[in-house]
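Those protein sequences? They're chains Z and H, same order as listed. Residue numbers for the first sequence follow my numbering, so the first one is 2 and each next one is one higher. Residue numbers for the second sequence follow my numbering, so the first one is 652 and each next one is one higher. Using N, Cα and C, we set each Cβ at its ideal position, and we do this for glycine too.
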Amino acid sequence: MEHKAYLDYAATTPTDQRVVDAILPFFTERYGNANSLYALGRDAARALEDARERVAASIGARPDEVIFTSGGTESDNTAIIGLATAGGRATGHVIVSAFEHHAVLEPAWWLGKHGFDVTELKPRTDGIVHPEDLAAALRDDTVLVSVMHGNNEIGTLQPVRELAAAAHARGALFHTDAAQTLGKADFDVTELGIDAASFSGHKIYGPKGTGALFLKKGVRMAPYLMGGGQESKRRSGTQNVAGNVGFATALEIMDAERPTEAPRLAALRDHLVERLLGEIHYARLNAVDAATRLPHIANFVIPGVEGEAMLLHLDAAGIAVSTGSACSSGSLKPSHVLLSIGCPVEFAHGSLRVSTGRFTTEADVDYLVEKLVPIVERLRSMNPLYEKTVAELVGAKG
Amino acid sequence: MIYSEKVMEHFGNPHNVGVIEDADGIGEVGNPVCGDVMKITIKVDDDRIDDIKFQTLGCGAAIATSSIVTDMAKGMTLAEAVAITKNQVAEELGGLPPAKMHCSVLATDGLKVAVDDYLVKRGREPIAGEIKSSDPHFDPHEDDDEDHTH
Ligand SMILES: Cc1ncc(COP(=O)(O)O)c(C=O)c1O
Ligand code: FES
């Protein structure tokens, strides 16, 4: 294999060596339980609180507003269910955007089966949830709104500040899933005016199974994990000191490098988009009209091919990417994100998500396009409907 | 979900790809589950499949099962060809993940439709029987016995 190109950083990232170095002592030397009173425990507690302060500083929060969790999924679940059911509430209206990660959708659907009324608010075809649309969906009994900060499949950035303001204007709480954006776009809880936000460590070169939930001081939330009362009774369980130190370290590196890294990734993305659209007939960029987007995610439609087959051929060339094709999902349904922005089912079939990161070079992106061109050609030549597809595409344009 | 080596072999280098221009029978089927399509063309000689080619828009399993079905069918009598089951196809490939069993139906159905198309064109009775893959209510998982964990 001449070259390997990992282009799926939105799925996960390698743990940065600096992060690994920072956490290793907590496995064998500084292994105390942060809740123990003796010196070893106090040492762990200090490391934990230090990590909390560093995360808080990065997001513009107070340290006691940061709850360490096992990652994006746990934070999302905790926020959606814990905020909706706070104080024993059993009914009310909850709004989530239709293209949320399933870590938000599933708990929202659970609420829907347990007494709450749930609205799935559609983004527009530009991949953005518009504040006017949220305003129209809000009701007097809306208790919670959740709209993600950056979408993990199409990379569009949502106007969270305006959305939160709209929710607040009607007395609802606002949570945002920032698993894809923390460290990659400016994120300040005060500026955004949000009540809760979810973060994941493994998307930012931290360890898997780490992350945090921001919960604004004074906002009530029913705990999701109950037990020893750690994390101020909001998340029981002996804290993952090593993981939390790793998460905080990873976030600091993101913050320090962002001024140069974000423009570098944006330029790489623009280069990729230009080359791919230039060299693959009929390819298009999803959510092309988005006013704001993350620098590291680009999602394409490649008509006339099926995503899983494309992905397997790329894998054989040492390239890792992802697709929203029905065939590639366990449920055999095409990506709900692409459908929510009006992408037709047959186009979702040929979708390709490329996401770049710290170790991506222009050579990786060029290698992808180089390998992709003949793969697409080959798959299209095997497609019994390809001529019909092209005729439709050309007809639609003309 | 992991494909067997044999699946990857057929997917990477599928056999009998293409279209027979002066085909005796044509079978075009669509998979209502995930929206995939397959086209099989056959040449028939003395009620045996003399030549066979396919085109498939679909996943790795769809392409691999298309390839192996055309290998299996080549040289078979028409009656033998329409009797190929999705389980035989999966077996030939060293197994398929449960969620991908429906893809092999696409290939066996494509073959059945092509055989019937040949027979009907010659004024003979079709022999293939029920075609599952064009039925919109077809449930790909109805006879899977394994657990689904994705
Ligand atoms: C937007 C979004 N939310 C939540 C998650 C889940 O995070 P985790 O893998 O840390 O549970 C992910 C990652 O898969 C994500 O992209
Ligand atoms: S053909 Fe779509 S899953 Fe196999």
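Exercise for the section: Measure the CB-CB distance between T177/Z and I195/Z and report whether it falls below 8 Å. Expected result: Going by C-beta atoms, T177/Z is nearer than 8 Å to I195/Z.
Exercise for the section: Check each residue's C-beta against every heavy atom of ligand 1 and list, in chain order, those closer than 6 Å. Expected result: Close to ligand 1, as judged by a C-beta nearer than 6 Å to any of its heavy atoms, are the residues G72/Z, G73/Z, T74/Z, D77/Z, H102/Z, A104/Z, M149/Z, N153/Z, D178/Z, A180/Z, Q181/Z, S201/Z, H203/Z and G212/Z, in chain order.
Problem - Own chain partners of D256/Z with C-beta closer than 6 Å, once the 5 adjacent residues on each side are dropped - result: Excluding residues within five positions, the ones whose Cβ falls inside 6 Å are S59.
Exercise for the section: Return the residues of the stretch 306-338 of chain Z that lie within a Cβ-Cβ distance of less than 9 Å from chain B, sorted by chain order. Expected result: Note that chain B does not occur in the displayed structure, where the protein chains are Z and H.
Practice task
Check distances from the C-beta atoms of the stretch 339-350 of chain Z to those of chain H and list, in chain order, the residues that come in under 7 Å.
Solution key: Those residues of the stretch 339-350 of chain Z placed with their C-beta closer than 7 Å to a C-beta in chain H are V346, E347 and H350, ordered along the chain.
Exercise for the section: Closer than 5 Å is what we want: which residues have a beta carbon that near any heavy atom of ligand 2? List them in chain order. Expected result: After applying the 5 Å Cβ criterion, the set is C328/Z, C685/H, D687/H, G709/H, C710/H, A712/H, A713/H and C754/H.
Exercise for the section: Using a Cβ cut-off of 8 Å (strictly closer), state whether L708/H contacts chain Z. Expected result: So yes, L708/H belongs to the interface.
Practice task
Going by DSSP, name the residue or residues bridged to L174/Z.
Solution key: Looking at the DSSP assignment, L174/Z forms a beta bridge with L145/Z.
Exercise for the section: Going by DSSP, name the residue or residues bridged to L122/Z. Expected result: DSSP lists S98/Z as partners of L122/Z.
Handout entry: Interfacial residues, the stretch 741-752 of chain H to chain Z, with Cβ spacing under 9 Å
Key = So the close ones are A750 and K751.
Exercise for the section: Verify the CB distance criterion: does L158/Z have a CB-CB separation below 8 Å to chain H? Expected result: For L158/Z, the closest Cβ of chain H is not nearer than 8 Å.
Practice task
Look at T29/Z and G343/Z and say whether their C-beta atoms are less than 8 Å apart.
Solution key: No; because the gap between Cβ atoms is not below 8 Å, this pair is not in contact.
Practice task
Taking only beta-carbon positions, decide if G686/H is within less than 8 Å of chain Z.
Solution key: In terms of beta-carbon proximity, G686/H lines the interface with chain Z, with at least one pair separated by less than 8 Å.
Handout entry: Local conformation of A299/Z per DSSP, three classes
Key = Three-state result, A299/Z: strand.
Problem - Residues in the stretch 377-388 of chain Z having any Cβ partner in chain H nearer than 7 Å - result: Cβ proximity to chain H below 7 Å picks out M383, N384, P385 and L386 from the stretch 377-388 of chain Z.
Handout entry: Nearest-angstrom beta carbon gap, C754/H and G614/H [assumed within contact, 8 Å]
Key = This structure does not reach residue 614/H, given that chain H is present from 652 up to 801, and the question cannot be answered.
Problem - Reduced DSSP secondary structure (H/G/I, E/B, other) of A213/Z - result: Three-state DSSP puts A213/Z in a strand.
Practice task
Could you have a look at D65/Z and say whether DSSP puts it in helix, strand or coil?
Solution key: In the three-state scheme derived from DSSP, where H, G and I count as helix and E and B as strand, D65/Z is classed as helix.
Practice task
State the start and end residues of the unbroken beta strand (DSSP E) segment that holds Q706/H.
Solution key: Here the beta strand (DSSP E) through Q706/H covers R699 to L708.
Practice task
Note the first and the last residue of the continuous alpha helix (DSSP H) segment covering M659/H.
Solution key: Counted as a single uninterrupted DSSP element, the alpha helix (DSSP H) harbouring M659/H occupies residues E656 to G663.
Exercise for the section: Starting from G663/H, find everything on chain Z with Cβ-Cβ shorter than 7 Å and list it in chain order. Expected result: Here the neighbours are A317.
Practice task
Could you tell me the distance, in whole angstroms, from the CA atom of S98/Z to the CA atom of N152/Z?
Solution key: Approximately 11 Å, taken between the alpha carbons.
Exercise for the section: Pull up the distance between the alpha-carbon of D187/Z and that of E742/H, whole angstroms please. Expected result: Between the alpha carbons of D187/Z and E742/H lies a gap of roughly 53 Å.
Problem - D290/Z - DSSP class collapsed to helix/strand/coil - result: Three-state result, D290/Z: coil.
Practice task
Taking N682/H as part of the beta strand (DSSP E), name the residues at either end of that continuous run.
Solution key: In the DSSP assignment, N682/H falls within the unbroken beta strand (DSSP E) covering G676 to N682.
Practice task
Enumerate in chain order the residues of its own chain whose CB-to-CB distance from A349/Z is below 6 Å, with the five nearest sequence positions on each side excluded.
Solution key: Cβ neighbours of A349/Z beyond the five flanking positions: G325, P335, S336 and L339.
Practice task
Would you mind reading off the limits of the beta strand (DSSP E) that contains V668/H?
Solution key: Element bounds for V668/H: n/a, residue is neither H nor E.
Handout entry: Unbroken beta strand (DSSP E) run spanning T692/H, endpoints
Key = For T692/H, the enclosing beta strand (DSSP E) covers residues D687 to D696.
Practice task
Mind listing, in chain order, the continuous beta strand (DSSP E) runs of no fewer than 3 residues lying wholly within the stretch 29-83 of chain Z?
Solution key: For secondary structure counted as the beta strand (DSSP E) over 3 or more consecutive residues, the stretch 29-83 of chain Z holds these complete runs in sequence order: 67-70.
Handout entry: Proximity below 8 Å, CB of A173/Z to CB of V148/Z
Key = Result no, Cβ atoms of A173/Z and V148/Z do not sit closer than 8 Å.
Practice task
Could you spell out where the beta strand (DSSP E) holding L353/Z opens and where it closes?
Solution key: Where L353/Z is concerned, the enclosing beta strand (DSSP E) stretches over S352 to S356.
Problem - Beta-carbon contacts of A374/Z that lie in its chain and below 6 Å, excluding the five residues immediately before and after - result: In the sequence on display, residue 374/Z carries Val and not Ala. Cβ neighbours of V374/Z beyond the five flanking positions: E280.
Exercise for the section: Kindly confirm or deny that the stretch 701-716 of chain H and the stretch 303-310 of chain Z touch, where touching means at least three C-beta pairs closer than 8 Å. Expected result: Yes, since at least three Cβ pairs between the stretch 701-716 of chain H and the stretch 303-310 of chain Z fall closer than 8 Å, the two stretches touch.
Problem - Where the alpha helix (DSSP H) through A268/Z begins and ends - result: V242 to E280 is the extent of the alpha helix (DSSP H) around A268/Z.
Handout entry: 8 Å Cβ cut-off: residues of chain Z touching I714/H
Key = In chain order: A310 and M383.
Practice task
Show which residues of chain Z have a CB atom less than 9 Å away from the CB atom of E614/H.
Solution key: Not covered by the structure: residue 614/H. The range shown for chain H is 652 to 801.
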